[in-house]
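Asker: Taken in order, these protein sequences are the chains called A and B. The first sequence begins at 1 in UniProt numbering and counts up one residue at a time. The second sequence begins at 1 in UniProt numbering and counts up one residue at a time. Glycine residues also receive a C-beta, built at the ideal position from the N, C-alpha and C atoms.
Protein chains: 2
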Amino acid sequence: MALIVQKYGGSSVADAERIKRVAERIVTARKAGHEVVVVVSAMGDTTDELLDLASQVSPVPPGRELDMLLTSGERISMALLAIAIHNLGYEARSYTGSQAGVITTSVHGKARIIDVTPGRLRNALDEGAIAIVAGFQGVAQDTKDITTLGRGGSDTTAVALAAALHADVCEIYTDVDGVFTADPRIVPNARHIKNVTYEEMLELAACGAKVLMLRCVEYARRFSLPIHVRSSYTNKEGTIVTGAMEDLPLEQALITGVAHDRSEAKITIVGVPDEPGIAAQIFGTVANAEVNIDMIVQNVSTEGTGATDISFTLPKDDGPNAMAALNKIREDIKFKTLLYDDHIGKVSLIGAGMRSHPGVAAKFFAALGAAGLNIEMISTSEIRVSVICRDTDLDAAVRAVHDAFDLGGDEEAVVYAGTGR
Amino acid sequence: MALIVQKYGGSSVADAERIKRVAERIVTARKAGHEVVVVVSAMGDTTDELLDLASQVSPVPPGRELDMLLTSGERISMALLAIAIHNLGYEARSYTGSQAGVITTSVHGKARIIDVTPGRLRNALDEGAIAIVAGFQGVAQDTKDITTLGRGGSDTTAVALAAALHADVCEIYTDVDGVFTADPRIVPNARHIKNVTYEEMLELAACGAKVLMLRCVEYARRFSLPIHVRSSYTNKEGTIVTGAMEDLPLEQALITGVAHDRSEAKITIVGVPDEPGIAAQIFGTVANAEVNIDMIVQNVSTEGTGATDISFTLPKDDGPNAMAALNKIREDIKFKTLLYDDHIGKVSLIGAGMRSHPGVAAKFFAALGAAGLNIEMISTSEIRVSVICRDTDLDAAVRAVHDAFDLGGDEEAVVYAGTGR
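1) Can you give the Cα-Cα distance for Ala-190 (chain B) and Ala-259 (chain B), rounded to whole angstroms?
2) If we require 3 or more residues per run, which beta strand (DSSP E) segments fall completely within the segment 179 to 251 of chain B?
3) Suppose you measure from the CA of Leu-338 (chain B) to the CA of Gly-44 (chain B); what does that come to, to the nearest Å?
4) Among A:Gln-56, A:Phe-180, A:Ser-154, whose alpha-carbon lies nearest the alpha-carbon of Ser-11 (chain A)?
5) Can you give me the Cβ contacts of Phe-180 (chain A) inside the same chain, cut-off strictly under 7 angstroms, excluding the 5 residues immediately before and after it?
6) Which residues in chain B have a C-beta closer than 7 angstroms to the C-beta of Ala-54 (chain A)? List them in chain order.
7) Leaving out five residues before and five after Gly-420 (chain B) in sequence, what residues of the same chain have Cβ atoms less than 6 angstroms from its Cβ?
8) For Glu-127 (chain B), name the three-state secondary structure that DSSP assigns.
9) Can you tell me where the alpha helix (DSSP H) holding Arg-21 (chain B) begins and where it ends?
10) Using a Cβ-Cβ cutoff of 8 angstroms, what residues of the segment 310 to 321 of chain B are near chain A? List them in chain order.
11) Ser-154 (chain A) lies in the alpha helix (DSSP H); which residues open and close that run?
12) Measuring alpha carbon to alpha carbon, tell me which residue in B:Arg-230, B:Ile-255, B:Ser-224, B:Thr-234 is nearest Thr-242 (chain B).
13) State the start and end residues of the unbroken alpha helix (DSSP H) segment that holds His-260 (chain B).
14) Does DSSP put Phe-312 (chain A) in a helix, in a strand, or in coil?
15) For the segment 38 to 63 of chain A, which residues have a beta carbon sitting closer than 8 angstroms to at least one beta carbon of chain B?
16) For Ile-186 (chain A), which residues of its own chain have a beta-carbon under 6 angstroms away from its beta-carbon, when the five flanking residues on both sides are left out?
17) Please determine, among B:Ala-111, B:Arg-151, B:Arg-122, B:Ala-158, the residue with the shortest C-alpha to C-alpha distance to Gly-138 (chain B).
18) For the beta strand (DSSP E) containing Thr-71 (chain A), list its first residue and its last residue.
19) Regarding Pro-118 (chain B) and the ligand FAD, is the C-beta to nearest heavy atom distance less than 6 angstroms?
20) If you run the structure through DSSP and keep just helix, strand and coil, what is Ser-94 (chain A)?
21) Check the C-beta distance from Ala-140 (chain A) over to Ser-106 (chain A) and give it rounded, since I have them as a contact under 8 angstroms.
22) So is Ser-348 (chain A) buried or exposed if we call it buried at 16+ other beta carbons inside 10 Å?
23) Along the alpha helix (DSSP H) that carries Glu-376 (chain B), what are the first and last residues, could you check?
24) Return the residues of the segment 127 to 160 of chain B that lie within a Cβ-Cβ distance of less than 7 angstroms from chain A, sorted by chain order.
25) For Tyr-90 (chain A) versus Arg-151 (chain A), is the C-beta spacing smaller than 7 angstroms?
26) So for Leu-50 (chain A), helix, strand or coil by DSSP?
27) Under 8 angstroms Cβ to Cβ from Leu-88 (chain B), same chain only, skipping five residues before and after it: list those, please.
28) Given that Leu-69 (chain A) touches chain B, what residues does it touch there, using C-beta distances under 8 angstroms?
29) Looking at the structure shown, is Ser-41 (chain A) part of a helix, part of a strand, or coil, going by DSSP?
30) Please list the partners that Lys-31 (chain A) has in chain B, where partner means a Cβ-to-Cβ separation under 9 angstroms.
31) What residues in the segment 12 to 36 of chain A have a beta carbon less than 9 angstroms from any beta carbon of chain B?
32) Give the residues of chain A in contact with Asn-87 (chain B), contact being defined as C-beta atoms less than 7 angstroms apart.
33) Determine the burial state of Ala-417 (chain A): buried for a count of at least 16 other Cβ atoms within 10 Å of its Cβ, exposed for fewer.
34) Quick check on the burial criterion: 16 or more other C-beta atoms within 10 angstroms. Buried or exposed for Lys-266 (chain B)?
35) Determine which residues share a DSSP beta bridge with Pro-273 (chain B) and list them.
36) How should Pro-62 (chain B) be labelled, buried or exposed, when 16 other C-beta atoms within 10 angstroms of its C-beta is the threshold for buried?
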């Protein structure tokens, strides 16, 4: 008998029929003798509909109230799921994030989990019940207000509960069969990956692979909790994210896969005085605006001008904030202009094996060059190479790199529609 | 400066436009220097939509989960209302029943308020904020599960919070201008009533006047809390429900009004052995099935048979429960048959003045007789006369009685569509 935490995204519970199917899957696990905790997102488009309602009453809804509003979405899906399970003859009890003991910071819309006190869930399991928990939400430690965890919040809820309950595995149900060597919508013969390390998964997530969010993988790594990413539409084994690289088979592939990201924009600060402390001032300003930056490139100072250009990439959503913050320090820093470009794409090659294999980056750049694709920025880590290109070149770049490293399989990957939150 | 509790029903917050209008009304009270606590129901048809979703996943949803599901309705409306108030430049904070300190029994779907601990609301008011509270819901004292209060729950929430916060008045906003001498949809010249006592209002509510629910009036009477029932569509003064009769002007009208009720059914138990203890056994059984009965009539024993017939009225919703419970004791009691009739109507005449004026009942029966309407059952209290008739005769009966006691005014009453919960 194991303790399993399952997480279902919004598309898996989009309507009554799908909720009933998910209920059957949950009951199957319970029948097999396992203790089951289920984390669920809001049904289908509920969150967007609620956001639309909010925008109808105010252009700038306050965070506390927006969180109160949005958390009703999971309340609906979790109650319906519990009702559907009852209808199959099994006891299920739904819990809000607050009831489940998900304690967070008080930053509305972007709260972080501080602690998990799953006493009520443990009791429910001890009494033979299946516990259903609202994903994406918690209660602020200091204000006792309801908070939401922001993007990837439901996955993080699942992993955090699994860690706190010492679960054997956290199953993340999604609309694909797990992690692939590239997005099957772009590369039809992308290969399914059975095992991947936390480290590789972190790089994949950071580089745009949407199947798991970065913070949830970080959380799982911290607690050495295995994640099983799998499809809620089939019974196929998905991808197991686990352990340190040292635990993995020696025949570990050189390259894990190719990730891509269309969600970033690039800001270029033109004519920055080339003086000590300026970069710190710029990125301090950006950080204070709560903007996460990704790549940074600084050109060498143009001979004689004493000025340089600094470019960095960031999530498109944060673009307006960052531009506003930078414009405020223009006088102070004395830069010339700000350029905003949201027509970029990022393609990344990830593989733990590349640590010990020089030449990977060169082969990667050569593949792009041979395909006639221009590279605008480059960034690397020990186990990753990323480049920025035009967004219109992105699909071609992914295919070129995937082919160059011979990552394809023999079968066509199956693609389902929609994703959860 | 007063402390005002305002309650808005589902039709008052049915869409974004109405929510904005309600927000303006709330802000007007706040601007006038008052402390304002607002209790709100779910938007328009939300509750019915949620019930429909539940029925799609199970024919018999468990109470705990149904309560969890339904309480999401108020969560949405209260957050949107708080957002709309923020947009007018005022601070508003929304609270679930649980957060607002509404402590209840654990009977799901029909919980009763045990205690109110409005510490967080008091703090919000002290900090200058408007507090928005979800009506209709609370948290069970023993299980800590979320409960709903059943019909009239939002009104009761408002009165309970007003009592706990020592509010000056509880304003119940609805779709009519208050209490009328009869339903204006049936009697076009029904007169608006400015003041009514708790006692009269209790009788009116018990007899089908939908403007206020019985339990909310009971609660207000216990704490001597004035209720102001008024329309959310106009600024007209509504009806004030207040004080003991002794406090009211001496010229208090003989008759307050005519109420009617279409929600009851009649059960007749035919051939009950005329023995001591049988009635107690029958109504004990009905009470154990959690059915509230209204009128009871027992005919005299038919000569020689040693058997009698007992009829009683009850809410139609409870009909199946009561019939099932009675059928179970048939062998035991040895009655002959059970008859169920849900085509009845009840018309009632209410007035504190009738206590000291004999002849009211006779005039009432005469009015019905003159209109050719048959009386099936009669029940009276000190300040009320009620009869059961065919449901098809009900409108005519209301008009006949209203005319006979000359209750009409000169103007046509205004009627709006829809009611809240």
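Answerer: The structure says:
1) 11 angstroms
2) 195 to 197, 227 to 231, 239 to 242
3) 39 angstroms
4) A:Ser-154
5) Ala-190, Arg-191, His-192, Ile-193, Gly-257, Ala-413
6) Leu-80, Ile-83
7) Caution is warranted here: a pLDDT of 34 is assigned to Gly-420 (chain B), below 50, making its placement in the model unreliable, and the coordinate value is therefore given only provisionally. Result list for Gly-420 (chain B): Gly-9, Gly-10, Ser-11, Ser-41, in chain order.
8) coil
9) 16 to 31
10) none
11) 153 to 164
12) B:Ser-224
13) From DSSP, His-260 (chain B) is part of no alpha helix (DSSP H) but of the beta strand (DSSP E) over 257 to 261.
14) strand
15) Leu-50, Leu-53, Ala-54, Gln-56, Val-57, Ser-58, Pro-59, Val-60, Pro-61, Pro-62
16) Asp-395, Val-398
17) B:Ala-111
18) Note, Thr-71 (chain A): premise wrong, no beta strand (DSSP E); alpha helix (DSSP H) at 63 to 86.
19) The ligand FAD is not part of the structure shown, which contains no ligands of any sort.
20) strand
21) 4 angstroms
22) buried
23) It is not in any alpha helix (DSSP H) - Glu-376 (chain B) carries neither H nor E in the DSSP assignment.
24) none
25) no
26) helix
27) Ala-23, Glu-24, Val-27
28) Arg-75, Ile-76, Ala-79, Leu-80, Ile-83
29) coil
30) Those within 9 angstroms of Lys-31 (chain A) in chain B number zero; the least Cβ separation is about 19 angstroms.
31) Asp-15, Ala-16, Glu-17, Ile-19, Lys-20, Ala-23
32) Val-57, Ser-58
33) Unreliable placement is indicated for Ala-417 (chain A), whose pLDDT of 41 sits below 50; the coordinate value is still reported in the next sentence. So Ala-417 (chain A) ends up on the exposed side.
34) buried
35) B:Ala-307
36) buried
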